[in-house]
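*Asks:* Could you have a look at this structure, given as structure tokens, before my questions?
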Amino acid sequence: MPQDVYNKLMMLAKRRGFIYPSFEIYGGVAGFYDYGPLGSQLKHNIETIWRQFYLLKDSCVEIHTPTITLYEVLKASGHVEEFTDLTVECNKCKHAFKVEDLVKAGVSAEEAVQNGDVSCPDCGTTFTEAHPVNLMFSTYIGIGTGRPAFLRPETAQGIFTNFHLLYRYCREKLPFGVIQVGKGFRNEISPRQGTLRQREFAMAEAEVFFDPENKNHRNFPDVKDKILYLFDNEKEMKLSLKDAVDQGVINNQALAYYMYLTQDFLLTVGINPKKFRFRKHGGDELAHYARECWDAELLSERFGWVECVGIADRSAYDLTAHIDASHVDMYALRKFPTPKEITVKKVLPNMGKLGPLFKRKAGAIQKALEAMTTVPKHPLILTIDGQKISVPSECYEVVETIEKQVGERFVPHVIEPSYGIDRIIYFVLEHSFEEIQKKDEEYRVLHLDPRVAPLKVGVFPLISDERLVEQAMDIDRLLRDALLTTFYDEGGTIGRRYARMDEVGTPLCVTVDHQSLEDLTVTVRDRDSTEQDRVPVDTLIAYLKKRLG
RNA sequence: GCGGAUAUGAUCUAGUGGUUAUGAUAGUGGCUUCCCAAGCCACUUACCCGGGUUCAAAUCCCGGUAUCCGCACCA
37 MPQDVYNKLM MLAKRRGFIY PSFEIYGGVA GFYDYGPLGS QLKHNIETIW
87 RQFYLLKDSC VEIHTPTITL YEVLKASGHV EEFTDLTVEC NKCKHAFKVE
137 DLVKAGVSAE EAVQNGDVSC PDCGTTFTEA HPVNLMFSTY IGIGTGRPAF
187 LRPETAQGIF TNFHLLYRYC REKLPFGVIQ VGKGFRNEIS PRQGTLRQRE
237 FAMAEAEVFF DPENKNHRNF PDVKDKILYL FDNEKEMKLS LKDAVDQGVI
287 NNQALAYYMY LTQDFLLTVG INPKKFRFRK HGGDELAHYA RECWDAELLS
337 ERFGWVECVG IADRSAYDLT AHIDASHVDM YALRKFPTPK EITVKKVLPN
387 MGKLGPLFKR KAGAIQKALE AMTTVPKHPL ILTIDGQKIS VPSECYEVVE
437 TIEKQVGERF VPHVIEPSYG IDRIIYFVLE HSFEEIQKKD EEYRVLHLDP
487 RVAPLKVGVF PLISDERLVE QAMDIDRLLR DALLTTFYDE GGTIGRRYAR
537 MDEVGTPLCV TVDHQSLEDL TVTVRDRDST EQDRVPVDTL IAYLKKRLG
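Rendered as structure tokens:
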């Protein structure tokens, strides 16, 4: 089989300590990968830049919530329902199927099984028992009568369940954004595509809360003329943010702004602009919670266009769901320019009369009366528990009060940029990978941006002469004290050591040679051009930091 | 999950029932004192797992696992 970029890259990644298949000594498990020493640093650098974008360029705040998530949270959010498939298992041949796949379109899966209409396509045995299978990892908190829980399929719910606290933290002003960087878990039926579909994966999400009547963004004017790379499933187009919003291609400023932030981020960490686009979701592929969604897609030589970031308008879906389920006040307040005074008529129940008259039903009647928004007619007939009850007028009185309203309550809308970090890491590697022929040999270079490169500077003595070694080690120490991640290497020929650094994407190499002993200068070699500068040691740190950006 | 293919050191690979399991690359130590994977010497590392057939299995058969290619799934 000819080796494609994916194969070559994954071999390099394993050999050089970026990515390893997990549990390999026990045969490995699909959908799990370890990050080695260099992969961990690369991931760390990418996440650090991501935080700079969301905490500094934008003004989000960061939180951390548990990966183990209570059943009730995901029940309320719709994940328990939407994530479940009814499945059957054949007792005879042990094959498992989704019932949906075995019945005709439009037929209820549950009914079909109950009626004995579903049989095994492999051996013909009729299925009598179906059980729901959820694509989330489930567990219990505590033992015995522990509370059911799942490993979270997204970090977002941890933000939604804290909304009321965060709203207060942000001084009860919209919009505000909250980020979380962490792990998510999905028990994929059959993960393929290597590291692109993992069962445990790193994600970085932002939930930005807006007043639904104003989805403008404060930074929008600064970037309105920047160009977005868009694809509407038919043609690719380049539009400025302003034009995209004005023409209705993108629904609102907030979506457009976070799309630009995403584009800027991806290009900063080293994604090839020619292998990047935004694609709008069609109505049939929208998630259960989403209203409009744009994916940032990256082009892989093997896998084609792959979704790496989703930017969704989740509207009020999640907060509404949690308000309904938990009854916690997660409303925001839209203040009026000046408070309004409204005369309202209220029905005040007279419990002294109601109690003796209706006994047990008095409580329900009290609630019904208090909930009334119009002045009751005589005689007042209420329907309590399906029973019509006539309430005499002495049981309540109608009072007129003046209520002061400072604003109106509403459920905020949320714009969610959600990043698959592992996918981005893969693409940063694939897009920076280059293989060239050098003297009949394949020579591999990772053109990583200096900001994401796990190692910044290689430090070598030209030869293993004691005096050169000593000076090289001193320089290595000097650079580390200046917070530069270095790699000291004195093994093998100088060419081999340069090659090793090129293969892991180290942007610069410092070499100590005989001249260095005389005039305290070193050579600095550039990864991409292989050109060398001779630099005095006393200005080396400033020189390197400038070159590294 | 279905169908097909594949599985030998870190990587690529030879090996068609009996080998001390082939070679190369990489790695490590040394020599060389050298600016782009040079050379020389030495060394480390492998038959995916479990059953079966056979006097004898890396090799044949069955099952599992993983990977790859289609299909399905991918909130």
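Per this note's numbering, the very first residue in the first sequence carries number 37; after that it's consecutive. Ideal Cβ positions, reconstructed from N, Cα and C, are used throughout, including at glycine.
On the DSSP bridge assignment, give the partners of residue 120 in chain order.
*Replies:* Counting from one through the first sequence, the residue named residue 120 turns up at place 84. In DSSP, residue 120 forms a bridge with 170.
*Asks:* Give the single residue among 105, 188, 117 whose Cα lies nearest to the Cα of residue 177.
*Replies:* Residue numbering aside, residue 177 sits at position 141 when the first sequence is read from its first letter. The residue with the shortest Cα to Cα distance from residue 177 is 105.
*Asks:* For the region 463-480 against the region 298-310, are there 3 or more C-beta pairs whose distance is under 8 Å?
*Replies:* Contact holds: three or more Cβ-Cβ distances are below 8 Å.
*Asks:* My understanding is that residue 103 touches residue 219, with C-beta atoms under 8 Å, so please give their C-beta distance in whole angstroms.
*Replies:* What you label residue 103 is simply residue 67 of the first sequence in a count that begins at 1. What you label residue 219 is simply residue 183 of the first sequence in a count that begins at 1. With 8 Å as the limit, residue 103 and residue 219 qualify as a contact, their Cβ atoms being about 5 Å apart.
*Asks:* Return the bridge partner residues of residue 250 from the DSSP annotation.
*Replies:* Here the question's residue 250 lines up with position 214 in the first sequence. Per DSSP, 247.
*Asks:* Can you say whether residue 295 is buried or exposed, counting buried as having 16 or more other CB atoms within 10 angstroms of its CB?
*Replies:* On the first sequence, position 259 is the one that residue 295 refers to. The residue is buried, with at least 16 neighbouring Cβ atoms inside 10 Å.
*Asks:* At which residues does the alpha helix (DSSP H) containing residue 475 begin and terminate?
*Replies:* As a working mapping, residue 475 is identified with position 439 in the first sequence. No alpha helix (DSSP H) contains residue 475, which DSSP labels as neither H nor E.
*Asks:* Going by C-alpha distance, which of 419, 320, 443 is nearest residue 374?
*Replies:* Here residue 374 refers to the residue found at position 338 of the first sequence. Nearest C-alpha to residue 374: 443.
*Asks:* For residue 274, I'd like the list of residues in its chain whose CB is within less than 8 Å of its CB, leaving aside the five on either flank, ordered along the chain.
*Replies:* Walking along the first sequence from the start, residue 274 turns up at place 238. Cβ neighbours of residue 274 beyond the five flanking positions: 263, 264, 265, 266.
*Asks:* Alpha carbon to alpha carbon, how far is residue 226 from residue 239? Give it in angstroms, no decimals.
*Replies:* Stepping through the first sequence from its first residue, residue 239 is reached at position 203. Stepping through the first sequence from its first residue, residue 226 is reached at position 190. Distance between the alpha carbons of residue 239 and residue 226 is about 20 Å.
*Asks:* Put residue 206 into one of helix, strand or coil per three-state DSSP.
*Replies:* The residue labelled residue 206 in the question sits at position 170 within the first sequence. Coil.
*Asks:* Tell whether a beta-carbon distance below 8 Å holds between residue 110 and residue 193.
*Replies:* For the purposes of this step, residue 110 is taken as the residue at position 74 of the first sequence. For the purposes of this step, residue 193 is taken as the residue at position 157 of the first sequence. Taking 8 Å as the Cβ cut-off, residue 110 and residue 193 qualify as a contacting pair.
*Asks:* By the 10 Å Cβ neighbour count, where 16 or more other Cβ atoms means buried, how is residue 490 classified, buried or exposed?
*Replies:* Indexing the first sequence from 1 puts residue 490 at position 454. Buried, since its Cβ has 16 or more Cβ neighbours within 10 Å.
*Asks:* Can you list, in chain order, the stretches of the beta strand (DSSP E) that have 3 or more residues and sit fully within the region 301-329?
*Replies:* Whole beta strand (DSSP E) segments, 3+ residues: 312-316.
*Asks:* Mind checking whether residue 389 and residue 430 have CB atoms under 8 Å apart?
*Replies:* Position 353 of the first sequence, counting from 1, holds the residue named residue 389. Position 394 of the first sequence, counting from 1, holds the residue named residue 430. A contact, by the Cβ cut-off of 8 Å.
*Asks:* Out of 298, 570, 248, 566, which has the shortest C-alpha to C-alpha gap to residue 555?
*Replies:* By 1-based counting over the first sequence, the position of residue 555 is 519. When each option's Cα is compared against that of residue 555, the closest is 570.
*Asks:* When burial is assigned at 16 or more other CB atoms within 10 Å of the CB, is residue 324 buried or exposed?
*Replies:* On the first sequence, position 288 is the one that residue 324 refers to. Residue 324 is exposed by the Cβ-count criterion.
*Asks:* If you draw a straight line from the C-alpha of residue 387 to the C-alpha of residue 289, how long is it?
*Replies:* Here residue 387 refers to the residue found at position 351 when the first sequence is read from its first residue. Here residue 289 refers to the residue found at position 253 when the first sequence is read from its first residue. So the alpha carbons of these two residues sit roughly 53 Å apart.
*Asks:* Got a sec? Which residues, its chain only, sit under 7 Å from residue 203 by beta carbon, not counting five neighbours each side?
*Replies:* Stepping through the first sequence from its first residue, residue 203 is reached at position 167. Cβ neighbours of residue 203 beyond the five flanking positions: 368.
*Asks:* Can you look up residue 239 in the DSSP assignment and give me helix, strand or coil?
*Replies:* If you number the first sequence from 1, residue 239 lands on position 203. Residue 239 falls in the strand class under three-state DSSP.
*Asks:* Do you know how far the Cα of residue 169 is from the Cα of residue 129?
*Replies:* As a first step, residue 129 is located in the first sequence; it is residue number 93 there, counting from the start. As a first step, residue 169 is located in the first sequence; it is residue number 133 there, counting from the start. Since pLDDT at residue 129 reaches only 48, below the 50 mark, its modelled position is unreliable, and the value read off the structure follows with that caveat. Their backbone Cα atoms lie some 19 Å apart in a straight line.
*Asks:* By alpha-carbon positions, which one of 49, 69, 205 ends up nearest to residue 98?
*Replies:* For the purposes of this step, residue 98 is identified with residue 62 of the first sequence, where counting begins at 1. Checking every option, the nearest Cα to that of residue 98 belongs to 205.
*Asks:* Rounded to whole angstroms, how far is the Cβ of residue 548 from the Cβ of residue 507, which I believe are closer than 8 Å?
*Replies:* Translated into the one-based positions of the first sequence, residue 548 becomes position 512. Translated into the one-based positions of the first sequence, residue 507 becomes position 471. Contact flag correct, Cβ pair sits at about 5 Å.
*Asks:* State yes or no: is the C-beta of residue 421 within less than 8 Å of the C-beta of residue 400?
*Replies:* As a working mapping, residue 421 is identified with position 385 in the first sequence. As a working mapping, residue 400 is identified with position 364 in the first sequence. Yes, Cβ-Cβ distance for residue 421 and residue 400 is below 8 Å.
*Asks:* Does the contact criterion of 3 or more C-beta pairs under 8 Å hold for the region 350-360 versus the region 182-197?
*Replies:* Output reads yes: the region 182-197 touches the region 350-360.
*Asks:* Rounded C-beta distance between residue 460 and residue 329? I'm assuming under 8 Å.
*Replies:* Taking the first sequence and counting its residues from 1, one reaches residue 460 at position 424. Taking the first sequence and counting its residues from 1, one reaches residue 329 at position 293. At roughly 18 Å, the Cβ-Cβ gap does not stay under 8 Å, so residue 460 and residue 329 are not in contact.
*Asks:* Report, in whole angstroms, the separation of the C-beta atoms of residue 355 and residue 119, which I expect to be a contact under 8 Å.
*Replies:* Along the first sequence, read from residue 1 onward, the residue named residue 355 stands at position 319. Along the first sequence, read from residue 1 onward, the residue named residue 119 stands at position 83. Rounded, the Cβ-Cβ distance is 20 Å, inconsistent with contact.
*Asks:* Beta strand (DSSP E) containing residue 234: first to last residue?
*Replies:* For the purposes of this step, residue 234 is taken as residue 198 along the first sequence, with counting starting at 1. Unbroken run through residue 234: none, as it is neither H nor E.
*Asks:* Report the three-state DSSP secondary structure of residue 456 (helix, strand or coil).
*Replies:* Here the question's residue 456 lines up with position 420 in the first sequence. Three-state result, residue 456: strand.
*Asks:* Taking its Cβ as the centre, do 16 or more other Cβ atoms sit within 10 Å of residue 495, making it buried, or is it exposed?
*Replies:* Taking the first residue of the first sequence as position 1, residue 495 is located at position 459. Buried, by the Cβ-count rule.
*Asks:* Does DSSP put residue 262 in a helix, a strand or coil?
*Replies:* Residue 262 sits at position 226 when you count from the first residue of the first sequence. The answer is coil: DSSP assigns residue 262 none of H, G, I, E or B.
*Asks:* By Cβ distance below 7 Å, which residues in the same chain neighbour residue 236 in space, the five residues on each side in sequence not counted?
*Replies:* Taking the first sequence and counting its residues from 1, one reaches residue 236 at position 200. Excluding positions up to five away in sequence, the list reads 68, 219, 221.
*Asks:* In three-state DSSP terms, what is residue 445?
*Replies:* Sequence index remark: in the first sequence, residue 445 carries index 409 (1-based). Residue 445 falls in the strand class under three-state DSSP.
*Asks:* Would residue 449 pass as a contact of residue 541 if the rule is Cβ separation under 8 Å?
*Replies:* Start at 1 with the first residue of the first sequence, and residue 449 comes out as number 413. Start at 1 with the first residue of the first sequence, and residue 541 comes out as number 505. It is not a contact, given that the beta carbons lie outside the stated cut-off.
*Asks:* Starting from residue 71 and walking both ways along the beta strand (DSSP E), at which residues does that stretch end?
*Replies:* Within the first sequence, numbered from 1, the residue matching residue 71 stands at position 35. Start and end: 69-71.
*Asks:* Short of 6 Å in beta carbon distance, which residues of its chain neighbour residue 338, apart from the five on each side in sequence? Order them along the chain.
*Replies:* In the first sequence, counting from the first residue as 1, residue 338 sits at position 302. The answer, listed in chain order, is 40, 42.
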